[in-house]
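Everything in the sequence shown is counted per the numbering used here, starting at 94 for the first residue and increasing by one. Cβ atoms here follow ideal geometry from the backbone N, Cα and C, with glycine treated the same way. Every value quoted in this text rests on a predicted model; they were computed, and no experiment measured them. These notes are about the structure you will find just below.
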Amino acid sequence: MKLTFTTMTNNIQKNLEGVQKIIESTSQKFQRNLLDVNLVAVSKKQPIERIHEMLKCGHRLYGENRVQEAQERWVDLRPQYPDLKLHLIGPLQTNKVKDAVALFDVIETLDRPKLVKALSREMQNQNKDLPCFVQVNIGAEEQKSGVLPEDLDDFLQLCREEQLNVIGLMCIPPLGEPPAMHFALMQKLAQRYDLKELSMGMSNDYDRAIPLGATYVRVGTALFGQRS
Ligand SMILES: *Cc1c(COP(=O)(O)O)cnc(C)c1O
């Protein structure tokens, strides 16, 4: 499969160029505006040297899945990169909401009413209005977090009542199934609820998420190599 070639090398710049090239050619082929397809470099569990290298390449959009790990590496780095954007892409415990609101620019993982209420309160406290995504459990998997498609209506209503700035939907499709039908359903849901952004597609399938409307692809190993 064409997409995996980039993971063969530890040269971060080559990896980045390879992924960008695939994003460009896929966008062109499916008539997506390249400016609408954002690359979130998923730096979780990556050695800090690789992140430094990626920063040196000029990349400024990163995703982390744990609040504490993100704090450990980004609190000190951030001030040197004023244009840096950090997305939280992992599950958020309510006792970490305060730290998350302080550190991240975007929260991609709204997945339950309790979190919506806690985030709403904390954003008021910190006088912030961070853009958020609702994570959709698109494969209705028992072990996976996220809002079921049939519960999305009520959930988005709650987000509105709590005045959260929901800009889109996010998903991680089931392992071992062709992702395209899940991406297609995500696209339908985003259209139905008039949400502009779609965060979907990872190292193995971002080329299939772009034709179905992804505006953020979250790519880790194809950019940084295997995680420790
Ligand atoms: C780890 C992770 C990714 C990146 O996965 P890769 O397969 O390394 O590209 C994307 N999204 C989420 C939510 C993740 O946890």
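| Asked | Found |
| --- | --- |
| Beta-carbon contacts of L305 that lie in its chain and below 6 Å, excluding the five residues immediately before and after | F276, A277, Q280 |
| Shell residues, 5 Å Cβ cut-off relative to heavy atoms of ligand 1 | V135, N158, I182, M295, S296, R311, V312, G313, T314 |
| First and last residue of the uninterrupted beta strand (DSSP E) at V133 | 131–135 |
| Close Cβ partners of G239 (< 6 Å) along its chain, the five nearest in sequence each way excluded | D204, Q228, V229, N230 |
| Outcome for G156 when other beta-carbon atoms lying within 10 angstroms are tallied against a minimum of 16 | buried |
| DSSP three-state assignment for Q228, whether helix, strand or coil | strand |
| Inter-residue CB distance, V267 and G232 (contact presumed, cutoff 8 Å) | For clarity, residue 267 is Pro in the given sequence; the question names Val instead. Rounded, the Cβ-Cβ distance is 4 Å, consistent with contact. |
| Coil, strand or helix - H90 by DSSP | In this structure the chain extends from 94 to 321, so residue 90 is not present and cannot be described. |
| CB of L181 within 7 Å of CB of A193, strictly | yes |
| Proximal residues to I303 (C-beta, below 8 Å), its chain only, five neighbours per side dropped | I116, T119, S120, F123, R125, V130, G294, V310 |
| From S321, L132, A315, residue whose alpha carbon lies closest to that of N108 | A315 |
| Rounded Cβ spacing between R171 and I144 (contact assumed at less than 8 Å) | At roughly 12 Å, the Cβ-Cβ gap does not stay under 8 Å, so R171 and I144 are not in contact. |
| Endpoints, alpha helix (DSSP H) assigned at L223 | Neither: L223 is in no alpha helix (DSSP H) and is coded neither H nor E. |
| N258 - containing alpha helix (DSSP H), residue span | It is not in any alpha helix (DSSP H) - N258 instead sits in the beta strand (DSSP E) that spans 258–264. |
| Euclidean distance between Cα positions of E110 and E254 | 42 Å |
| Three-state secondary structure (DSSP) of E157 | strand |
| Presumed contact (8 Å Cβ cut-off) between L282 and N258, rounded CB distance | About 18 Å separates the two Cβ atoms, so there is no contact after all. |
| Heavy atom of ligand 3 within 6 Å of K289 beta-carbon | As for ligand 3, it is missing from this structure, which binds only ligand 1. |
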